[in-house]
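The block underneath contains the structure these notes are about, expressed in structure tokens.
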Amino acid sequence: MCSIWELVDWIFKLYIVVMIVYAVVSWVPSIRGRWSDYLAMLVEPVLVPVRRVIPPLGGLDLSFLVVIIVIQLVDQSIVQQQIRSACFLY
Numbered sequence: 182m183c184s185i186w187e188l189v190d191w192i193f194k195l196y197i198v199v200m201i202v203y204a205v206v207s208w209v210p211s212i213r214g215r216w217s218d219y220l221a222m223l224v225e226p227v228l229v230p231v232r233r234v235i236p237p238l239g240g241l242d243l244s245f246l247v248v249i250i251v252i253q254l255v256d257q258s259i260v261q262q263q264i265r266s267a268c269f270l271y
């Protein structure tokens, strides 16, 4: 069970990195490429519902920040607790 929670933790961290790379790519149009479309396919489905609730304010898209904070909260409150209880049960 420990390995499953560690995998979930790793996936959350990887997703945050993917989101940060996507944000940087969106700010610098000259580095966009075909791979940025793949990043968009991973990130946009999560960002769109947040954008419906919190639209961009003056060109500043806060949905990235909201999603990263929610992922961190879930990771710290649920996943890390499960890792501690499953991995260090002894």
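Quick note: the sequence shown, position 7, residue 188 per my numbering, numbers continuous. Beta carbons: idealized from backbone N, C-alpha and C, even for Gly. Everything numeric in this text was worked out from a predicted model, so none of it was measured.
- How many Å lie between Pro210 and Ile201 at the Cα? Numbered from 1 along the sequence shown, position 29 holds the residue referred to as residue 210. Numbered from 1 along the sequence shown, position 20 holds the residue referred to as residue 201. One Cα belongs to Pro210, the other to Ile201, and the distance between them is close to 15 Å.
- Message: Using a Cβ-based criterion (distance less than 7 Å to any ligand heavy atom), does Ala221 qualify as near the ligand SAH?
- Response: Annotation note on the ligand SAH: not contained in the displayed structure, which lists no ligands.
*Using DSSP with H/G/I as helix, E/B as strand and the rest coil, what is Leu238?*
Translated into positions along the sequence shown, residue 238 becomes position 57. Leu238 falls in the strand class under three-state DSSP.
**Asked** Three-state secondary structure (DSSP) at Arg213?
**Response** Mapped onto the sequence shown, residue 213 falls at position 32. Coil at Arg213, not helix or strand.
With a cut-off of 8 Å, do at least 3 Cβ pairs link the stretch 235–244 to the stretch 184–192?
no
Own chain partners of Cys268 with C-beta closer than 8 Å, once the 5 adjacent residues on each side are dropped:
In the sequence shown, residue 268 corresponds to position 87, counting from 1. Around Cys268: Cys183, Trp186, Glu187.
- [ ] Using three-state DSSP, classify Phe269 as helix, strand or coil.
- [x] As a first step, residue 269 must be located in the sequence shown, where it is residue number 88. In the structure shown, Phe269 sits in coil (DSSP, three-state: anything other than H, G, I, E or B).
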